[in-house]
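S.K.: The structure follows.
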Amino acid sequence: MYYKEYGEEHSALMVFVHGGGVSGWMWDKQIEHFCSKFHCLVPDLPEHGRSKKGLQFTINDVADEINKLIEEKGKGKRVIVIGFSLGAQVLIAMLSKKPHLIDFAMVNSALVKQIPFANALIKSMMFAFPLVRFRAFSNIQAKSMYIDKDYQVTYFQESGQMNKDAFVRIMNENMSFKIPSSFESSTSKILVTVGEKERKIMRDSMNEIMESNPNCKGRIFTKMGHGVSLANPKLFNTTIEEWIENETSD
């Protein structure tokens, strides 16, 4: 699995796990902000970005891979992990597999409630799949995800590289994900966030995550949809800083 490193190797470790259909570049504004204070790791998930070849994407396998990377890079250091959407599901799996490995975990916009008629929905999405090869359609999708003009070409290129099998597999992983029972054993300080304008099932998912582990705290980003780290990087970064500071001082 491809990843990039930034910052001071001896500083606390901060790992960013991106969402589906994008790659590590979605965290550029966070890296720019945090790399002077933290040792930052940004993986590209399998079948995304520069990790196109090799392993097929599954949430469980990726959780194992990133946990191994943390064990290698984070020895004796405080570990912070931020996950968005599909990456937030991966983070929940990571916390469930290694309950004491991560000190701080920010779970942003994780779907954990099953979507009714998910298979039918995926099949209907397949009719639109060929449209990702068209720049105009890609730009519309990018805007809905708060991807600004600087990254729309990259988003278009990466979307066009994903084949149908990978798309279906990743969507099935996303829509069928459930919180593992071992998640309740995680000792991490967990911040669960969602955008106020996201679908109700996402807000319901936030509540279910918080009910599944006593160390969870929640925040709803007002006037925001799916992708606050891209829509308002300054707010997102400040939220992370204030949360870590407050939890450390308690």
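The opening position of the sequence shown corresponds to residue -18 in the working numbering, with each subsequent residue numbered one higher.
Beta carbons are placed, not taken as given, at the ideal position from N, Cα and C, and that holds for glycine.
1) Identify the residues that DSSP records as bridge partners of His20: which are they?
2) How would you call Lys159, buried or exposed, if buried means at least 16 neighbouring beta carbons within 10 angstroms?
3) When the Cβ atoms of the segment 3 to 18 are set against those of the segment 35 to 49, are three or more pairs found closer than 8 angstroms?
4) Opposite Val175 in the DSSP bridges: which residues?
5) Could you pull the DSSP bridge partners for Ala86 from this structure?
6) Nearest by alpha-carbon distance to Val88: which of Cys197, Asn227, Glu179 is it?
7) Would you give the residue range spanned by the alpha helix (DSSP H) that Gln37 belongs to?
8) Are His207 and Glu179 touching if we call contact CB-CB under 8 angstroms?
9) Using only CA atoms, which one of Arg200, Gln95, Ile121, Ser166 lies nearest to Met75?
10) Would you kindly work out how many angstroms separate the C-alpha atoms of Ala212 and Phe65, rounded to a whole number?
11) Determine whether the beta carbon atoms of Gly0 and Asp25 lie at a separation below 8 angstroms.
12) Taking 7 angstroms as the limit between beta carbons, can you name the residues of its chain near Met183, skipping five residues before and five after?
13) Look at Ser169 and Asp84 and say whether their C-beta atoms are less than 8 angstroms apart.
14) Where does the unbroken alpha helix (DSSP H) through His14 begin, and where does it stop?
15) Tell me whether Met156 sits in a helix, a strand or coil according to DSSP, three-state version.
16) Does Lys79 come out as helix, strand or coil in the three-state DSSP assignment?
17) Taking only three categories from DSSP, how would you classify Pro195?
18) Tell me whether the beta-carbon of Val60 lies closer than 8 angstroms to the beta-carbon of Val43.
19) Using 8 angstroms as the Cβ pair cut-off and three pairs as the minimum, do the segment 20 to 39 and the segment -16 to -5 touch?
20) Could you pull the start and end residues of the alpha helix (DSSP H) that Asp131 belongs to?
21) Would you mind sorting Ala117 into buried or exposed? The rule is 16 or more other CB atoms within 10 Å of its CB.
22) Can you grab the Cα-Cα spacing for the pair Lys78 / Ile40, in whole Å?
23) Hey, Ser119 and Tyr132: beta-carbon distance below 8 angstroms or not?
24) Taking Val150 as the reference, which of Ala123, Asn100, Trp224 has the closest Cα?
M.R.: Let me lay it out:
1) Residue mapping note: residue 20 aligns to position 39 of the sequence shown, counting from 1. Answer by DSSP bridge pairing, in chain order: Gly(-12), Leu(-6).
2) Reading the sequence shown from its first residue, position 178 is the one you call residue 159. By the 16-neighbour rule on beta-carbons within 10 angstroms, Lys159 is exposed.
3) Taking 8 angstroms as the limit for Cβ pairs, the verdict is that the segment 35 to 49 does not touch the segment 3 to 18.
4) Within the sequence shown, the letter at position 194 stands for residue 175. In the DSSP assignment, Val175 forms a beta bridge with Ile201.
5) The residue labelled residue 86 in the question sits at position 105 within the sequence shown. Bridge pairing for Ala86: Val62, Ile171 [DSSP].
6) The count along the sequence shown starts at 1 and reaches residue 88 at position 107. Among Cys197, Asn227, Glu179, the Cα nearest to that of Val88 belongs to Cys197.
7) In the sequence shown, residue 37 corresponds to position 56, counting from 1. It is not in any alpha helix (DSSP H) - Gln37 carries neither H nor E in the DSSP assignment.
8) The residue given as residue 207 occupies position 226 in the sequence shown. The residue given as residue 179 occupies position 198 in the sequence shown. Pairing His207 with Glu179 gives a Cβ-Cβ distance under 8 angstroms.
9) On the sequence shown, residue 75 is found 94 positions in, with the first residue counted as 1. Nearest Cα to Met75 within the set Arg200, Gln95, Ile121, Ser166: Ser166.
10) For this step, residue 212 is matched to residue 231 along the sequence shown. For this step, residue 65 is matched to residue 84 along the sequence shown. If I take the Cα positions, the gap works out to 13 angstroms.
11) The count along the sequence shown starts at 1 and reaches residue 0 at position 19. The count along the sequence shown starts at 1 and reaches residue 25 at position 44. In this structure, Gly0 keeps its C-beta atom at 8 angstroms or more from the C-beta atom of Asp25.
12) Start at 1 with the first residue of the sequence shown, and residue 183 comes out as number 202. Closer than 7 angstroms at Cβ, skipping near neighbours: Ser90, Leu92, Val175.
13) As a first step, residue 169 is located in the sequence shown; it is residue number 188 there, counting from the start. As a first step, residue 84 is located in the sequence shown; it is residue number 103 there, counting from the start. Cβ atoms of Ser169 and Asp84: closer than 8 angstroms.
14) On the sequence shown, residue 14 is found 33 positions in, with the first residue counted as 1. That run of the alpha helix (DSSP H) goes 9 to 15.
15) Stepping through the sequence shown from its first residue, residue 156 is reached at position 175. In this structure, DSSP gives Met156 a helical state, which the three-state scheme calls helix.
16) Your numbering for residue 79 matches position 98 in the sequence shown. Coil at Lys79, not helix or strand.
17) Locating residue 195 in the sequence shown gives position 214, where the first residue counts as 1. Note: Pro195 maps to coil in three-state DSSP.
18) Numbered from 1 along the sequence shown, position 79 holds the residue referred to as residue 60. Numbered from 1 along the sequence shown, position 62 holds the residue referred to as residue 43. Contact flag unset, no.
19) Counting Cβ pairs under 8 angstroms, three or more are found: they touch.
20) Taking the first residue of the sequence shown as position 1, residue 131 is located at position 150. Residues 130 to 142.
21) Looking up residue 117 in the sequence shown gives position 136. The C-beta of Ala117 has fewer than 16 other C-beta atoms within 10 Å across all chains shown, which makes the residue exposed.
22) Against the sequence shown, residue 78 aligns to sequence position 97. Against the sequence shown, residue 40 aligns to sequence position 59. Looking at the two C-alpha atoms, the distance is approximately 12 angstroms.
23) As a first step, residue 119 must be located in the sequence shown, where it is residue number 138. As a first step, residue 132 must be located in the sequence shown, where it is residue number 151. The answer is no: Cβ separation not under 8 angstroms.
24) As a first step, residue 150 is located in the sequence shown; it is residue number 169 there, counting from the start. Residue 150 is actually Arg in this sequence, not Val. Out of Ala123, Asn100, Trp224, Asn100 has the C-alpha closest to the C-alpha of Arg150.
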